[in-house]
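Protein chains in written order, with this note's numbering: chain A, 1 to 93; chain B, 1 to 340. All C-beta atoms in this analysis are idealised placements derived from N, C-alpha and C, irrespective of residue type, glycine included.
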Amino acid sequence: MADLERPDLYVVARFLERLWRDQRVYRKTDLQLAVRLNYRVYKKYLDWMISKDLIAVSRDAEGVERIAMTPKGMRTYDAFVGTLREFVGDERF
Amino acid sequence: MSRDPLTQLRGDSSTAVHQGTAAPIALAGLVLLGTSLFLLGLLASSAREMPFESIGNETVVNETARVTLGLVGHYSIPHDSYVEATYRFPVSPGDAYFLDCWAYLDLVQGRPVSPEAPVIRGMREHEFRAPVEDIINPPARLLAGEAVDSFYADPRCPGLYAVFEWPASGDWRANRPEARAQFVSSALFDSPFSAVLPALAALGAIVAFIGFTLWTKERRAREPSVVTPEETTAEALYHFAIRTEAWLVRTRRYLLMAGFLGIFLWYPLLLPWAWQVGDTVGGAPWARWAFVAGAAVLLLGLTGIWLREFRALDRELSDWRKRVARLRRREEELMAQIES
Chain A
1 MADLERPDLY VVARFLERLW RDQRVYRKTD LQLAVRLNYR VYKKYLDWMI SKDLIAVSRD
61 AEGVERIAMT PKGMRTYDAF VGTLREFVGD ERF
Chain B
1 MSRDPLTQLR GDSSTAVHQG TAAPIALAGL VLLGTSLFLL GLLASSAREM PFESIGNETV
61 VNETARVTLG LVGHYSIPHD SYVEATYRFP VSPGDAYFLD CWAYLDLVQG RPVSPEAPVI
121 RGMREHEFRA PVEDIINPPA RLLAGEAVDS FYADPRCPGL YAVFEWPASG DWRANRPEAR
181 AQFVSSALFD SPFSAVLPAL AALGAIVAFI GFTLWTKERR AREPSVVTPE ETTAEALYHF
241 AIRTEAWLVR TRRYLLMAGF LGIFLWYPLL LPWAWQVGDT VGGAPWARWA FVAGAAVLLL
301 GLTGIWLREF RALDRELSDW RKRVARLRRR EEELMAQIES
């Protein structure tokens, strides 16, 4: 990952949230649609998250690339949710 | 499929949008309240003055010349009304006193009268003010009115008279006094609006309260949900944090403006006004202090409520900023954790 100097934590969380919520592996294109980013930005985040071991890319039997959360990605997402829960506290929406 | 823990924090975004008429209702209530209070204040601060008129020519009885000024007709007498008189005998001193209608009839028919108070004897010129109850003697001739604090003149013989006497010797006509007397009462207590205006003010307050309550509900219903469908829950919470801080800052600014326009601005206006009303309505010296004290208590009470609300809001804003700062720290820590 070269030129994503300071990724937005909330965009990272958008990837992780989608993968966590649906509990399945995504094709690259499907995930891009799910996180609603243009391809250039999406690619940068995807590469950065792979480099940080938050997500992993694998190929299925048909040779199509599939994206899934790694254990570190899961822990990061848990920590992020914990942070938000701490922030929200007793507030009700 | 299990539910995202963040999703559990989301509220229902399907709030309906209502078009209401609550704001005009609140405004109408405020206008009614303000107009009633303004008119009430205008009436309370304006005195009703009824000048005494000359009754016939000067007469001489038992070597005493006499001139009478009178206020003839039915009149109501608020507790705090008074009569003020100014007179000047050009040549030599004379006497002045007040009579009610019955006593005046006695005087005209040559029967002795004994005004008890105030009788001013032996002065060439004088200016005085006396409460009506001190003038009409005996007080039993005053009939209690419907209002607790007012009386009415006896309808069988209504009227109030100021009598000026001086010795009828030599060129007594040259000593005819220049006299003026008038009955002064608060216009408020004698006005048909005195009962209607407080009722209208109360109605206005109720309508404004109902209007504002409905308006608040409408605004709440119109507020977009914290979470819009396009945002993930995390982003929605982040935006909520930013918006909440801005909202708190804005509300604090509005509260400051409301305090200035609704309370503090009124200190230099309401207190002198209350003093003026007390001076006009109440004859007793303590009356104006009572009015000022009432106004001061009202303003201080409002100031207390405002201070309490402002401090609460300020504390909430301060807590919220601390909370957002803590969130920022956690984000930094999380990023550092990811980077590692």
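Check your understanding: So what's B:Gln182 in DSSP terms, helix, strand or just coil?
Key -> Position 182 of the second sequence holds residue 182 of chain B. Here DSSP, grouped into helix, strand and coil, assigns B:Gln182 to strand.
Practice item. Measure from the alpha carbon of B:Tyr104 to the alpha carbon of each residue in B:Thr68, B:Ile120 and B:Pro90, then state which is nearest. Key: Your numbering for residue 104 of chain B matches position 104 in the second sequence. Ranking the options by Cα distance to B:Tyr104, first place goes to B:Thr68.
Check your understanding: With a Cβ-Cβ cutoff of 9 Å, do A:Leu37 and B:Leu237 count as a contact?
Key -> Numbered from its first residue, the first sequence carries residue 37 of chain A at position 37. Numbered from its first residue, the second sequence carries residue 237 of chain B at position 237. No, Cβ-Cβ distance for A:Leu37 and B:Leu237 is not below 9 Å.
Point to revise | Beta carbon proximity, B:Leu248 to chain A, threshold 9 Å | key: Your numbering for residue 248 of chain B matches position 248 in the second sequence. Under the Cβ criterion of 9 Å, B:Leu248 is not counted among the residues facing chain A.
**Study point:** Coil, strand or helix - A:Ser58 by DSSP
**Key:** Translated into positions along the first sequence, residue 58 of chain A becomes position 58. Looking at A:Ser58 - three-state DSSP - the assignment turns out to be strand.
Review point. Using a beta-carbon distance below 9 Å, is A:Val88 in contact with chain B?
Key: Within the first sequence, the letter at position 88 stands for residue 88 of chain A. Residue-level contact by beta carbon holds for A:Val88 and chain B, with a gap shorter than 9 Å.
Practice item. Check the Cβ-Cβ distances between A:Val12 and every residue of chain B, and say whether any is below 9 Å. Key: The sequence position of residue 12 of chain A within the first sequence is 12, counting from 1. Output row for A:Val12: interface = yes.
**Study point:** Residue-level contact to chain A via CB, B:Glu316, 9 Å cutoff
**Key:** The count along the second sequence starts at 1 and reaches residue 316 of chain B at position 316. No, B:Glu316 lies away from the interface with chain A (no Cβ there is under 9 Å from its Cβ).
Review point. By Cβ distance, which residues of its chain are closer than 8 Å to B:Ala174, with the 5 residues on each side in sequence left out?
Key: As a first step, residue 174 of chain B is located in the second sequence; it is residue number 174 there, counting from the start. If we look at B:Ala174 and ignore the five residues flanking it on each side, its Cβ neighbours are Pro90 and Val91.
**Study point:** For B:Pro112, three-class secondary structure by DSSP
**Key:** Here residue 112 of chain B corresponds to residue number 112 of the second sequence, with the count starting at 1. Of the three classes helix, strand and coil, the one that applies to B:Pro112 here is coil, per DSSP.
Review point. Got a sec, what are the start and stop residues for the alpha helix (DSSP H) A:Val81 sits in?
Key: Taking the first sequence and counting its residues from 1, one reaches residue 81 of chain A at position 81. Residues Pro71 to Val88.
Point to revise | is_contact[A:Glu17, chain B] using C-beta, thresh 9 Å | key: What you label residue 17 of chain A is simply residue 17 of the first sequence in a count that begins at 1. When Cβ-Cβ separations below 9 Å define contact, A:Glu17 makes contact with chain B.
Review point. How should A:Met69 be labelled, buried or exposed, when 16 other C-beta atoms within 10 angstroms of its C-beta is the threshold for buried?
Key: Here residue 69 of chain A refers to the residue found at position 69 of the first sequence. That one is buried.
Review point. Do the CB positions of B:Thr35 and B:Gly204 come within less than 9 Å of each other?
Key: As a working note, residue 35 of chain B is residue 35 in the second sequence. As a working note, residue 204 of chain B is residue 204 in the second sequence. Yes. Within cutoff.
**Study point:** Expected contact under 8 Å - CB spacing of B:Tyr82 and B:Pro131 to nearest Å
**Key:** In the second sequence, the residue the question calls residue 82 of chain B occupies position 82. In the second sequence, the residue the question calls residue 131 of chain B occupies position 131. Between B:Pro131 and B:Tyr82 the Cβ distance is about 5 Å, and since that is below 8 Å, they are a contact.
Practice item. Enumerate in chain order the residues of its own chain whose CB-to-CB distance from B:Leu30 is below 6 Å, with the five nearest sequence positions on each side excluded. Key: In the second sequence, the residue the question calls residue 30 of chain B occupies position 30. Here the set comprises Ala208.
Check your understanding: In whole angstroms, what is the alpha-carbon distance linking A:Lys4 and A:Lys44?
Key -> For the purposes of this step, residue 4 of chain A is taken as the residue at position 4 of the first sequence. For the purposes of this step, residue 44 of chain A is taken as the residue at position 44 of the first sequence. The amino acid at residue 4 of chain A is misidentified as Lys; the sequence shows Leu. Those two C-alpha atoms are separated by around 6 Å.
**Study point:** Any C-beta of chain B under 9 Å from that of A:Ala79
**Key:** Your numbering for residue 79 of chain A matches position 79 in the first sequence. Between A:Ala79 and chain B, the shortest Cβ-Cβ separation is below 9 Å.
Practice item. Please check if any C-beta of chain B sits within less than 9 Å of the C-beta of A:Pro7. Key: Locating residue 7 of chain A in the first sequence gives position 7, where the first residue counts as 1. Chain B, which has a Cβ nearer than 9 Å to the Cβ of A:Pro7, makes this yes.
Exercise for review: From the DSSP output, in three-state form, read off B:Leu27 for me.
Suggested key: Along the second sequence, read from residue 1 onward, the residue named residue 27 of chain B stands at position 27. DSSP places B:Leu27 in the helix class (H, G or I) of the three-state scheme.
Exercise for review: Put B:Ser81 into one of helix, strand or coil per three-state DSSP.
Suggested key: For the purposes of this step, residue 81 of chain B is taken as residue 81 along the second sequence, with counting starting at 1. DSSP, read as helix, strand or coil, puts B:Ser81 in coil.
Check your understanding: Relative to chain B, which residues along the region 43 to 59 of chain A have a C-beta separation below 8 Å, given in chain order?
Key -> From the region 43 to 59 of chain A, only Lys52 and Leu54 have a Cβ closer than 8 Å to chain B.
Exercise for review: Could you confirm whether any beta carbon from chain A is found closer than 9 Å to the beta carbon of B:Ala312?
Suggested key: In the second sequence, counting from the first residue as 1, residue 312 of chain B sits at position 312. The Cβ of B:Ala312 sits no closer than 9 Å to any Cβ of chain A.
Check your understanding: Under 8 Å Cβ-Cβ, which residues of chain A neighbour B:Arg330?
Key -> As a working note, residue 330 of chain B is residue 330 in the second sequence. Per Cβ cutoff of 8 Å: Thr83, Glu86 and Phe87.
**Study point:** CB contact check: A:Thr76 to chain B, cutoff 9 Å
**Key:** Translated into positions along the first sequence, residue 76 of chain A becomes position 76. Under the Cβ distance rule, A:Thr76 counts among the residues neighbouring chain B, one pair being separated by less than 9 Å.
Check your understanding: Does the Cβ of A:Tyr26 have 16 or more other Cβ atoms within 10 Å, making it buried, or fewer, making it exposed?
Key -> Position 26 of the first sequence, counted from the first residue, corresponds to residue 26 of chain A. The residue is buried, with at least 16 neighbouring Cβ atoms inside 10 Å.
Review point. For A:Gly82, which residues of its own chain have a beta-carbon under 6 Å away from its beta-carbon, when the five flanking residues on both sides are left out?
Key: The residue you call residue 82 of chain A lines up with position 82 of the first sequence. Only residues of its own chain outside the window of five on either side were considered, and among them none has a CB closer than 6 Å to the CB of A:Gly82.
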